[in-house]
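Reading through the structure tokens given below for one structure.
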Amino acid sequence: MAQRLGPVAVLGAIALFFPAAGGFLLLIYLNSIGSWLNSLETLGYFVYVGGFILFAGLALLPTYAQAVLAGWAFGFPLGLALALLGFAGAATLGYCIARPASGDRVTGIINEKPRWKAVHDALVGAGPLKTFAIVTLVRLPPNSPFALTNLVLASVKVPLHIYVAGTAIGMLPRTAAVIYLASMIEGELTREAVDGTRNTNAIIAGVMVTLFVVVVIGSIANRAIRRVTAESNAPVQGNDDNRSV
Numbered sequence: 308m309a310q311r312l313g314p315v316a317v318l319g320a321i322a323l324f325f326p327a328a329g330g331f332l333l334l335i336y337l338n339s340i341g342s343w344l345n346s347l348e349t350l351g352y353f354v355y356v357g358g359f360i361l362f363a364g365l366a367l368l369p370t371y372a373q374a375v376l377a378g379w380a381f382g383f384p385l386g387l388a389l390a391l392l393g394f395a396g397a398a399t400l401g402y403c404i405a406r407p408a409s410g411d412r413v414t415g416i417i418n419e420k421p422r423w424k425a426v427h428d429a430l431v432g433a434g435p436l437k438t439f440a441i442v443t444l445v446r447l448p449p450n451s452p453f454a455l456t457n458l459v460l461a462s463v464k465v466p467l468h469i470y471v472a473g474t475a476i477g478m479l480p481r482t483a484a485v486i487y488l489a490s491m492i493e494g495e496l497t498r499e500a501v502d503g504t505r506n507t508n509a510i511i512a513g514v515m516v517t518l519f520v521v522v523v524i525g526s527i528a529n530r531a532i533r534r535v536t537a538e539s540n541a542p543v544q545g546n547d548d549n550r551s552v
């Protein structure tokens with residue numbers, strides 16, 4: 308399978324492993340990087356968005372860590388606006404890399420698997436509105452890996468404009484929750500440094516509410532995806548897709 312996928316297999320491995328290591332380093336130096344971006348004033352907005360596009364688009368940093376940085380450095384709602392610009396740009400860069408690298412390899416393999424083909428047809432063959440809805444739903448869950456999803460959606464030839472729009476809308480809820488939480492925690496820590504007080508209960512409550520909201524969003528999205536693809540999958544029976552390639 309890896310040999311047939313060619314460059315796509317390499318890109319998939321990078322998208323799977325590199326962001327975790329990069330995100331760990333970013334969170335370690337979060338306060339220093341956030342302070343540096345703030346010191347740049349308006350230029351910091353462009354540096355942040357440009358860095359987001361580059362590092363997320365090349366699968367070097369995870370989007371959740373860069374969203375935390377936006378909330379930490381710029382607060383809410385400015386951090387959300389900048390992060391969404393970064394998402395759109397990074398998704399576009401990832402698409403422009405993955406699409407030519409994949410060629411027709413992925414669709415060729417999909418066409419050999421009836422059940423996979425049914426899901427593929429539900430994604431790109433049922434009209435732009437349905438494709439947009441599926442892309443949006445795929446982006447909603449908190450466990451949806453940004454770089455790997457970029458690779459998959461580009462490889463199956465989702466139209467670029469639908470892909471970018473669905474990405475921006477789908478990433479909005481969980482990104483807003485993460486940025487708001489990061490902004491709140493940074494504010495509480497700053498207040499503690501200034502006057503020696505900190506509302507720990509507010510931080511704990513914020514974390515719990517954010518986790519609850521993100522999990523609920525993911526659960527709703529996963530159920531919706533199953534409903535959207537069920538109709539296309541239903542006529543396809545058999546074990547064709549279980550054969551090794």
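Per this note's numbering, the very first residue in the sequence shown carries number 308; after that it's consecutive.
Beta carbons are placed, not taken as given, at the ideal position from N, Cα and C, and that holds for glycine.
Since the structure is predicted, the reported quantities are computational estimates derived from the model, not experimental observations.
Between the alpha carbons of A483 and I476, how many angstroms are there, rounded? C-alpha separation (whole angstroms): 11 Å.
At 4 residues or longer, what runs of the alpha helix (DSSP H) sit wholly inside the region 341-414? 349-364, 370-381 and 385-409
DSSP three-state label for S339, please. helix
So, helix, strand or coil for K437, using DSSP? helix
Near E493, which residues of its chain fall below 6 Å by C-beta distance, leaving aside the five closest residues on each side in sequence? W379
Suppose you measure from the CA of V356 to the CA of V375; what does that come to, to the nearest Å? 13 Å
Go ahead and pull the three-state DSSP assignment for L447. coil
Given Y470 as reference, the closest of L488, M491, P452 and R446 once Cα atoms are compared: R446
Candidates L385, A363 and L344, of which the one nearest A398 by Cα: A363
Does the region 450-464 come within contact of the region 339-356, defined as at least 3 CB pairs closer than 8 Å? no
Return the chain-ordered list of same chain residues with a C-beta closer than 7 Å to the C-beta of A372, the five sequence neighbours on each side being excluded. Cβ neighbours of A372 beyond the five flanking positions: G330, L333 and L334.
Could you check where the alpha helix (DSSP H) with V459 kicks off and where it finishes? F453 to S462
Can you tell which of P384, A472 and F353 has its C-alpha closest to the C-alpha of Y402? A472
Is there a C-beta anywhere in chain C that falls below 7 Å from the one on F381? In the structure shown, chain C does not exist; there is a single protein chain.
Suppose you measure from the CA of A405 to the CA of I486; what does that come to, to the nearest Å? 28 Å
Classify L347 as buried or exposed, calling it buried when 16 or more other Cβ atoms lie within 10 Å of its own Cβ. Flag for L347 reads exposed.
Please classify A328: is it buried, with 16 or more other beta-carbons within 10 angstroms of its beta-carbon, or exposed? exposed
Closest to A461 by CA distance: which of L400, Y336, F394 and L436 is it? Closest by alpha carbon: L400.
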